[in-house]
Amino acid sequence: MAATLLILVVIAWLLPRKSWLSRIRSKPLLTPNETEFFHRLQRALPAYHVFPQVPFAALLTVDRKLSGKARWSIRARFDRKIADFVVCERLSLKAVAIIELDDRTHNPKADRERDAITEAAGYQTFRFQSKRKPSEAEIAVLFHHAQA
Numbered sequence: 003m004a005a006t007l008l009i010l011v012v013i014a015w016l017l018p019r020k021s022w023l024s025r026i027r028s029k030p031l032l033t034p035n036e037t038e039f040f041h042r043l044q045r046a047l048p049a050y051h052v053f054p055q056v057p058f059a060a061l062l063t064v065d066r067k068l069s070g071k072a073r074w075s076i077r078a079r080f081d082r083k084i085a086d087f088v089v090c091e092r093l094s095l096k097a098v099a100i101i102e103l104d105d106r107t108h109n110p111k112a113d114r115e116r117d118a119i120t121e122a123a124g125y126q127t128f129r130f131q132s133k134r135k136p137s138e139a140e141i142a143v144l145f146h147h148a149q150a
């Protein structure tokens, strides 16, 4: 009996296993709500490019004068965060604003910390409630006033 069990365990161990790669699935870049808002932003801000799902690490860096350990300690505070949308000048692609679409899962304290990080780098963050998104005209006016 023990020998049979041992043989079954060995056979099960030797059988081909599914690779971890077979467990990977694609997913949409944006939810339907985010997709609609992305198109709204593009129509409201035709003089700019709008990029969705931009990692903070593409927007922020750490002072090179710091030690490597200090740089990594600071970088760890933002390197896994992602901006919902980044608005860039059309020709230079210089980022000029970050736009966040907040839903019920957002934590106000965490949002304030995120905004403090991006503000320290000179970015202005606009936050809109997912359930009460502004119209194209409201976005355009708000953005125009902020950039003036």
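Numbering-wise, the sequence shown is residues 3 to 150 according to our numbering.
Don't be surprised by glycine CBs; every beta carbon is placed ideally from N, CA and C.
Nothing here was measured: the structure is a model prediction, and the numbers come from that model.
Can you tell which of Phe145, Glu36, Leu43 has its C-alpha closest to the C-alpha of Lys133?
-> In terms of Cα proximity to Lys133, the closest of Phe145, Glu36, Leu43 is Glu36.
Determine the burial state of Ser88: buried for a count of at least 16 other Cβ atoms within 10 Å of its Cβ, exposed for fewer.
-> The question names Ser, but residue 88 is Val in the sequence shown. Val88 comes out buried.
Please state if the CB of Cys90 and the CB of Lys96 are separated by a distance shorter than 8 Å.
-> yes
Secondary structure of Ile100, DSSP reduced to three states = Strand.
Quick one: which unbroken alpha helix (DSSP H) runs of 4-plus residues sit fully inside the region 53–93? Chain order, please.
-> Secondary structure in the region 53–93: the alpha helix (DSSP H) runs of 4 residues or longer, each lying completely within the stretch, are 58–61, 70–77 in chain order.
Pairwise C-alpha distance: Ile26 and Val11 = When the Cα atoms are used, Val11 and Ile26 turn out to be separated by approximately 27 Å.
Of the listed residues Asp113, Lys71, Ala72, Leu43, nearest to His146 (C-alpha basis) = When the alpha-carbon of His146 is set against those of Asp113, Lys71, Ala72, Leu43, the nearest one is in Leu43.
Got a sec, what are the start and stop residues for the alpha helix (DSSP H) Thr37 sits in?
-> 34–46
Where the beta strand (DSSP E) containing Arg129 begins and where it ends = 126–131
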